[in-house]
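Below: the structure, in C-alpha cells.
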Amino acid sequence: QAKQQGGNRFQLFDVSQALETRASHQTLARMTEALHNDELVLHYQPKVNLRSGKILGFEALLRWQHPERGTIPPLEFLPVVERADLIVEIGDWVIERALDQLSRWRTHGKDWSVSVNIAARHLKQDGFAAAVAEKLAAHPELHPEQLDLELIESVAIDNIQHANRNLEACREAGVRISLDDFGTGYSSLSYLKRLPVQTIKIDQSFIRGILDDPSDQAVTMAIISLCRAFDRDVIAEGVETRAQAALLLSLGCELAQGYGIARPMPAEQVLDWAESFDPARIGESV
Ligand code: C2E
Ligand code: MG
Ligand code: MG
Ligand code: MG
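First residue of the sequence shown? That's 285 in full-length UniProt numbering, and the numbers climb one at a time after it.
Structure follows, in C-alpha cells:
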C-alpha cells in the first residue's frame, strides 16, 4: 500500500497533511483544556545589570505542567498554538498573570518590570493595544513602563509594514517594547529607526560563541554600537559564564539574562533568589 501511495504524490501529501491537521486539532483541544484546568504556569528569569548588580525585572516564560508528563517547555506546544486563535487567549492569560505577579512583588517593595513574549497572531488582533491598556488599568498601582512586550524582529516589522497601530499605541500608553532574538532575522537595519522599541535583545546564539568565535563577537559588537547610535538599550540573552559576562561588560553591554545569572524559576522562588543574588558569583551555578 505504501508503494501505491508512493506512486501518487498528491495522495501521499493529502494523507500526511490530514494526519498533521488531526494532530494539531488534538494539541489545540488539549491546550484549551490545559488553560482552563490551570495546567499552564509562568516561570520567571531575571534580567540584571552586570555592573551594578541591580535586578531590573523578570521575563515570564510559559510552561505546561502536564499531569503525567511533567513540565513541558513552550517550544513543544506553542508552535501549533501560535497558528490558532487560542494563542490570543493564552497570550492574554500570560499578560494578566504576569501583571498580577508584579503587583504581588510590589507589596514586597519591588518595583521590577515584567517581560512577556507576544506572538504575531496576537499582536495582529485589532483590539490588542486596547486589551493591554485595559489589563494595565486593572492595576493602577503599576506603571505602564513596568510592562515590557518582547517581539521577534519579523513580527515587529510586519506590524509596521501592514500599518498596524498596535505597537505604536502600546508605546504611546507607556508600555515598553523589546526586540527578541535580535540578529537572527533578515530585517533591514533601517527599520530599527522606525520601530518604537526601547530595548534590543542580542540572540543567545551569538553570546554562546562570543568568547571564541570572532564572527559572533563581531555581530555582538555591531549590535551594541547600533544600539548606542539609535539610543536603544541592549541586553544579552543566554549569558552562562562569568567570562561571557565580563567580556560583554567590556564591550559596553551592561544588561544580561541567562542561566549563569539564574534559570527561569517558579514565582514562589523569586523573592528568595533576589535576596541572595550576588553579581560577583555570576556563572557559578549553571
Ligand atoms: P525567548 O523569549 O527568546 O526566551 C529565551 C529562552 O532561552 C527561554 O526558553 C529560556 O529558558 C532560555 N534561556 C535563558 N537563558 C538561557 C541560557 O543561558 N542558556 C540557554 N541554553 N537557554 C537559555 P524557553 O522558556 O524554553 O522559551 C522558548 C521560547 O518560547 C521563548 O524564547 C519564546 O519565544 C517562547 N515563549 C515562551 N513563553 C512564551 C509565552 O508566554 N508566549 C509566547 N508567545 N511565546 C513564549
Ligand atoms: Mg523572550
Ligand atoms: Mg530570545
Ligand atoms: Mg527565542
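We put the beta carbon where it would ideally sit given N, CA and C, even for glycine.
Can you look up residue i in the DSSP assignment and give me helix, strand or coil?
| i | result |
| --- | --- |
| S474 | coil |
| A417 | helix |
| N333 | strand |
| E343 | strand |
| D298 | helix |
| D465 | strand |
| Q349 | strand |
| L312 | helix |
| Q289 | Since pLDDT at Q289 reaches only 49, below the 50 mark, its modelled position is unreliable, and the value read off the structure follows with that caveat. Helix. |
| A564 | helix |
| A540 | strand |
| R547 | coil |
| V325 | strand |
Tell me where the beta strand (DSSP E) around residue i begins and ends.
| i | result |
| --- | --- |
| T355 | 354–356 |
| I484 | 483–486 |
Measuring only from the beta carbon, is residue i closer than 7 Å to any heavy atom that is part of ligand 3?
| i | result |
| --- | --- |
| E521 | yes |
| W500 | For clarity, residue 500 is Asp in the given sequence; the question names Trp instead. It does not: the Cβ of D500 is nowhere closer than 7 Å to a heavy atom of ligand 3. |
| K485 | yes |
Could you tell me if the beta carbon of residue i falls within a distance shorter than 7 Å of some heavy atom in ligand 2?
| i | result |
| --- | --- |
| D464 | yes |
| E343 | yes |
| E434 | yes |
| N321 | no |
| N401 | yes |
Report all residues from its chain with a CB closer than 6 Å to the CB of residue i; omit the five preceding and five following residues, and keep chain order.
| i | result |
| --- | --- |
| Q488 | E521, G522 |
| V325 | R347, Q349 |
| I402 | L433, L435 |
| G567 | T525, R526, G544 |
| I508 | V518, L535, G536, C537 |
Less than 7 Å between C-beta atoms, sequence neighbours within five positions excluded: which residues of the same chain meet that for residue i?
| i | result |
| --- | --- |
| D442 | A404 |
| Q285 | Bear in mind that the predicted position of Q285 carries a pLDDT of just 42, short of 50, making it unreliable; the figure below should be weighed with that in mind. Hits under 7 Å: none found. |
When you compare the CB of residue i with every CB in chain B, is at least one pair closer than 8 Å?
| i | result |
| --- | --- |
| I371 | Looking at the structure shown, chain B is missing, and only one protein chain is on hand. |
Can we count residue i as close to ligand 1, meaning its CB is less than 7 Å from some heavy atom?
| i | result |
| --- | --- |
| residue 573 | A query on residue 573 cannot be resolved here, the shown segment of the chain reaching from 285 to 570 and no further. |
| G542 | yes |
| N333 | no |
| N448 | no |
| P424 | no |
| residue 238 | Because the chain here runs from 285 to 570, residue 238 falls outside it and cannot be looked at. |
| Q488 | yes |
| E524 | yes |
| L539 | no |
Quick check on the DSSP output: the alpha helix (DSSP H) that includes residue i runs from which residue to which?
| i | result |
| --- | --- |
| V554 | 551–560 |
| P363 | 362–365 |
| L533 | 526–535 |
Which residues in the same chain have their Cβ closer than 8 Å to the Cβ of residue i, if we skip the five residues on either side of it in sequence?
| i | result |
| --- | --- |
| R335 | L533, E538 |
| L383 | V398, K419, L420, A422, H423, L426, L431 |
| E429 | S397, G458, V459, R460 |
| S308 | V364, R367, A368 |
Subject >> Inside the segment 390–452 only - alpha helix (DSSP H) runs reaching at least 4 residues >> reply: Whole alpha helix (DSSP H) segments, 4+ residues: 404–407, 412–421, 437–445.
Original post:
Mind pulling the alpha helix (DSSP H) runs of 4 or more residues that sit fully within the segment 492–519?
Top reply: Qualifying alpha helix (DSSP H) stretches, in chain order: 498–514.
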